[in-house]
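Chemist: One structure, pasted below without further comment.
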Amino acid sequence: MMARSAEIVGVGSCLPEKRLTNADLEKMVNTSDEWILTRTGISERRIVAQGEATSDLAVRACESAISDAGIEPGDIDLLVVATSTPDMLLPSTACLVQAHLGLTCPAFDMNAACTGFIYGLHTASSAIEAGRADVVLLVGADTLTRVVDFKDRRTCVLFGDGAGAAVLRASENPGVRSIVLGADGKGNSMLKIPAGGSAMPASPETVQTRLHFIQMNGNEVFKFAVRAIPRATRAALAASEIDVSELAWLVPHQANQRILDTIADRLHVPHERVFSNLATTGNTSAASIPLAIDDLYTSGRLAPGNLLALVGFGAGVTWGAAIVEWTKATPGKEA
Ligand code: COA
């Protein structure tokens, strides 16, 4: 009997309408389009409108993924929402999404920051492989512009909002071939939001001293990323017994073009096989990898049998890499 595997059978994404360009940021902080472009590769990012929250983006991405998979909401056994910007601390964003979609399955949030989608893929595929679920809906959704200090030029130029979803189903096809995860909590201060949790509850002082916004040591994060991504990618490739030259696409978390270029060189992957859309999305945290997959799929750049390496890294610090065999037909080329 073939081993039971988890296959991606549907994808969907959502970017908010509103654009925030580098020219807009020039009016808000002491920065320039030229600085942002050369240091990050980002030209513009999407941001949520007033009244829009993480769950709104997640719901739209999930609806597209459900429709793409050709399943009914009642077929879904588990909903996992990867986010570090939940609508509120309680209840989970997953429960809000579950209610919007009319699902009855268990639902929970997972916070592995920008590595959230890879951690979620681990949970989803493990549940399927163990026979505890047949169909899992996984969505990475974040609105980091809600927690970015638009007075801090070191961070506010980097982030954008979005959501990307995948439906995973039990299959005899290979699908998710291997996943390696990692975390090193000693790096917890590299990227954090100090206030608003149990350690430092909200108070007039925390608001006044801007402690509800992201604080980041950019240089440390950069060095961590260019070390962690190649290492995680090599470990996932080894676990699948695949050579890097067999990859159709390396799909890294979209943080910074200089990081992507460095890891491409370190892994000896031609730059044209390293997916990049950060010029127009910025860093969308847990949404970036599923947004990338949806972009590749809908633009006809994926074919059955293609091998993808999905690689994430983020606050915690956390990292993870997955080797996925694409099994869906290219749009317009269905049998
Ligand atoms: N516009 C203009 N100048 C800026 C700026 C901005 N938006 N942000 C920082 N600067 C300035 C700094 O103040 C510094 O000035 P100084 O030398 O007078 O002090 C100078 O530019 C260089 O800063 P530095 O931090 O050394 O720049 P860098 O080349 O390391 O680039 C990042 C900064 C943030 C782009 C880079 O470190 C990075 O991408 N890190 C990873 C961040 C990331 O991906 N985080 C999310 C992970 S999930």
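Its first residue numbered 33, the sequence shown is counted upward by one per residue in the working numbering.
The beta carbon of each residue, even a glycine, is placed where N, CA and C say it ideally should be.
I'd like to confirm the pairing. Which residues does DSSP put opposite C146 in its beta bridges?
Modeler: C146 pairs with nothing; no bridge assigned.
Chemist: If we count the other Cβ atoms within 10 Å of its Cβ and call it buried at 16 or more, is R77 buried or exposed?
Modeler: The residue in question, R77, is buried, as its Cβ has 16 or more Cβ neighbours within 10 Å.
Chemist: Going along the chain, which residues of its own chain have a beta-carbon closer than 6 Å to the beta-carbon of V199, five neighbours each way excluded?
Modeler: Excluding positions up to five away in sequence, the list reads V41, G42, A97, A101, L169.
Chemist: Among the candidates V212, D88, H244, V129, whose CA atom is the shortest distance from the CA of V180?
Modeler: For the residues V212, D88, H244, V129, the minimum Cα distance to V180 belongs to H244.
Chemist: So, with DSSP's three-state summary, where would you put P284?
Modeler: Three-state result, P284: strand.
Chemist: For the 8 Å Cβ check, are there 3 or more pairs between the segment 272-291 and the segment 300-312?
Modeler: A contact exists between the segment 272-291 and the segment 300-312.
Chemist: Taking C-beta to C-beta, are G73 and L310 nearer than 8 Å?
Modeler: Result yes, Cβ atoms of G73 and L310 sit closer than 8 Å.
Chemist: In chain order, what residues of the same chain lie with their CB nearer than 6 Å to the CB of A287, ignoring the 5 residues before and after it?
Modeler: Within the same chain, A287 has close Cβ partners N315.
Chemist: For R209, count neighbouring C-beta atoms within 10 Å of its own C-beta (all shown protein chains included) and say buried if the count is 16 or more, exposed if not.
Modeler: Classification of R209: buried, given that the 10 Å Cβ count is 16 or more.
Chemist: Does G217 pass the burial test, meaning 16 or more other C-beta atoms within 10 Å, or should it be called exposed?
Modeler: With fewer than 16 Cβ atoms within 10 Å of its Cβ, G217 is classed as exposed.
Chemist: Is F245 a contact residue of ligand 1, with contact defined as CB to any heavy atom under 7 Å?
Modeler: No, since every heavy atom of ligand 1 falls outside the 7 Å radius drawn around the Cβ of F245.
Chemist: Measuring CA to CA, which of S124, N62, A173 is closest to R92?
Modeler: The residue with the shortest Cα to Cα distance from R92 is A173.
Chemist: Given 7 Å as the limit, tell me if L223 has its C-beta closer than that to any heavy atom belonging to ligand 1.
Modeler: Yes.
Chemist: On a CA-only basis, which of S272, A271, R263 is nearest A296? Give me that one, please.
Modeler: Per the Cα distances, R263.
Chemist: Once you ignore the five residues that flank K50 on each side, which residues in its own chain have a CB closer than 6 Å to its CB?
Modeler: Only I79, A81 meet the Cβ criterion.
Chemist: Could you check the C-alpha separation between D119 and A85 for me, to the nearest Å?
Modeler: Roughly 6 Å between the two C-alpha positions.
Chemist: Count the C-beta pairs between the segment 59-69 and the segment 338-354 that are closer than 8 Å, then say yes if the count reaches three, no if not.
Modeler: These segments do not touch.
Chemist: What does the alpha-carbon distance come out to for the pair A268 and T241?
Modeler: In a straight line, the C-alpha of A268 is about 42 Å away from that of T241.
Chemist: Write down the C-beta distance between C46 and A215 rounded to the nearest angstrom, noting that I regard them as a contact closer than 8 Å.
Modeler: Not a contact, Cβ separation roughly 28 Å.
Chemist: List, from N- to C-terminal side, the alpha helix (DSSP H) runs of 4 residues or more that fit wholly inside the segment 218-286.
Modeler: As far as the segment 218-286 is concerned, its whole alpha helix (DSSP H) runs of at least 4 residues are 236-240, 250-272.
Chemist: Please tell me whether, using a cut-off of 7 Å, the distance from the CB of G346 to the nearest non-hydrogen atom of ligand 1 is below it.
Modeler: Yes.
Chemist: Could you check which residue in G207, N249, S272 has the C-alpha nearest to that of D184?
Modeler: The shortest C-alpha separation from D184 is found at N249.
Chemist: Cβ of R259 within 7 Å of any heavy atom in ligand 1?
Modeler: No, Cβ of R259 sits at least 7 Å from all heavy atoms of ligand 1.
Chemist: Measuring CB atoms only, is the segment 154-162 touching the segment 120-133, in the sense that at least three cross pairs come out at less than 8 Å?
Modeler: Short answer: they don't touch.
Chemist: Do V212 and T155 have their beta-carbon atoms positioned less than 8 Å apart in this structure?
Modeler: No, they are not a contact pair.
Chemist: State buried or exposed for G364, treating a residue as buried only when at least 16 other CB atoms are found within 10 Å of its CB.
Modeler: Result: exposed.
Chemist: Using CA coordinates, which residue listed in M222, T330, R201, D166 is at the minimum distance from G44?
Modeler: Comparing Cα positions, the closest option is T330.
Chemist: Hey, out of N143, D56, R71, I321, whose CA is closest to T294's CA?
Modeler: Among N143, D56, R71, I321, the Cα nearest to that of T294 belongs to R71.
Chemist: Using the Cα positions of I246 and D327, report the straight-line distance between them to the nearest angstrom.
Modeler: Distance between the alpha carbons of I246 and D327 is about 28 Å.
Chemist: Using a Cβ-based criterion (distance less than 7 Å to any ligand heavy atom), does T63 qualify as near ligand 1?
Modeler: Yes.
Chemist: With a threshold of 7 Å, establish whether the CB of I211 neighbours any heavy atom of ligand 1.
Modeler: No, ligand 1 has no heavy atom inside 7 Å of this Cβ.
Chemist: Can you give me the start and stop residues for the beta strand (DSSP E) that T350 sits inside?
Modeler: First-last of the beta strand (DSSP E) with T350: 350-357.
Chemist: Since R178 and T117 should fall inside the 8 Å C-beta cutoff, what is the C-beta to C-beta distance between them, to a whole number of angstroms?
Modeler: 6 Å between Cβ atoms; contact.
Chemist: Let me know the secondary structure DSSP gives V91 once reduced to three states.
Modeler: Note: V91 maps to helix in three-state DSSP.
Chemist: Quick one: residues in its chain with C-beta nearer than 7 Å to the C-beta of G152, no 5 flanking neighbours on either side, listed in chain order?
Modeler: Correct list, in chain order: V112, A114, M142, L170, G172.
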